[in-house]
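Undergrad: Protein chains in written order, with this note's numbering: chain P, 1 to 112; chain B, 1001 to 1109.
By construction, the Cβ of each residue, glycine as well, lies at the ideal position given by its N, Cα and C atoms.
The structure follows.
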Amino acid sequence: NAGVTQTPKFQVLKTGQSMTLQCAQDMNHEYMSWYRQDPGMGLRLIHYSVGAGITDQGEVPNGYNVSRSTTEDFPLRLLSAAPSQTSVYFCASSSSGRETQYFGPGTRLLVL
Amino acid sequence: GENVEQHPSTLSVQEGDSAVIKCTYSDSASNYFPWYKQELGKRPQLIIDIRSNVGEKKDQRIAVTLNKTAKHFSLHITETQPEDSAVYFCAASHDDMRFGAGTRLTVKP
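Structure below.
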């Protein structure tokens, strides 16, 4: 099993550009989530999904969109990148929101 | 939504000493409380967890306690070693999982 995979590992964007961060898991987990990690602020929940076709907002959803068309994939879209979105993004999956979250390796995003 | 507060933000101990990290949560419906360890440049990984029907759980040098009435839980690491140096995160979960801001633990040899 590959577990949770994320692409790309590192990305540089210019302000106003859009992009999609990819996340996939091969553990047949229903629950998937996206977090951003900034120094001193821990892991903040952006969006989460409890199953295919179902998504919900977390603490900091503004500027981000998600969709969940399959159980395996949970892409995160930045609509119009801003410097405030410079961060490390982690995708995670688990059997439910009340179980161990397995994290991907992270995507480091720099917005200039 | 759930709000998790974690203290201290940094902690420095001598090798062999104990380390304690404390967290509080706001949503009384939260029922799952994991702790994650994150080494520099790596992803967070689960080290121990506790559910709301249990007051204490131990795994070798690591223990977690939960006080549901006061809505706080703590991580205890005994006989600390240099390899325990990392950032530790607490979390609380009901329908989604929210994390504390993290504690940077440094264990001095």
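1) Look up D1084/B in the DSSP assignment and give the residues it is bridged to.
2) What residue range does the beta strand (DSSP E) around V1054/B cover?
3) Give the residues from the stretch 1037 to 1050 of chain B that approach chain P closer than 7 angstroms (Cβ to any Cβ), ordered along the chain.
4) Three Cβ pairs or more, each shorter than 8 angstroms: is that satisfied between the stretch 93 to 109 of chain P and the stretch 12 to 31 of chain P?
5) Sorted by chain position, which residues of the same chain lie with C-beta nearer than 7 angstroms to S1085/B's C-beta, five sequence neighbours on each side aside?
6) Are the stretch 1086 to 1100 of chain B and the stretch 1016 to 1035 of chain B in contact at 8 angstroms, needing three or more beta carbon pairs?
7) Short of 6 angstroms in beta carbon distance, which residues of its chain neighbour A1063/B, apart from the five on each side in sequence? Order them along the chain.
8) Hey, is S1085/B's beta-carbon within less than 7 angstroms of any beta-carbon in chain P?
9) Any chance the stretch 71 to 91 of chain P sits against the stretch 47 to 55 of chain P, with 3 or more Cβ pairs inside 8 angstroms?
10) In this structure, how does DSSP classify S69/P when only helix, strand and coil are distinguished?
11) Is the shortest distance between the beta-carbon of P105/P and the beta-carbons of chain B less than 7 angstroms?
TA: Short version:
1) D1084/B is not bridged to any residue.
2) DSSP places V1054/B in no beta strand (DSSP E); its state is neither H nor E.
3) Residues passing the 7 angstroms Cβ filter: R1043, P1044, L1046, D1049.
4) Yes, they touch.
5) Taking S1085/B as the centre and dropping the five residues before and after it, the same chain places the C-beta of L1105, T1106, V1107 closer than 7 angstroms to its C-beta, in chain order.
6) The stretch 1086 to 1100 of chain B vs the stretch 1016 to 1035 of chain B: in contact.
7) Same-chain partners within the cutoff: H1076.
8) Chain P has no Cβ within less than 7 angstroms of the Cβ of S1085/B.
9) Contact holds: three or more Cβ-Cβ distances are below 8 angstroms.
10) Correct three-state label for S69/P: coil.
11) Closer than 7 angstroms to the CB of P105/P there is at least one CB belonging to chain B.
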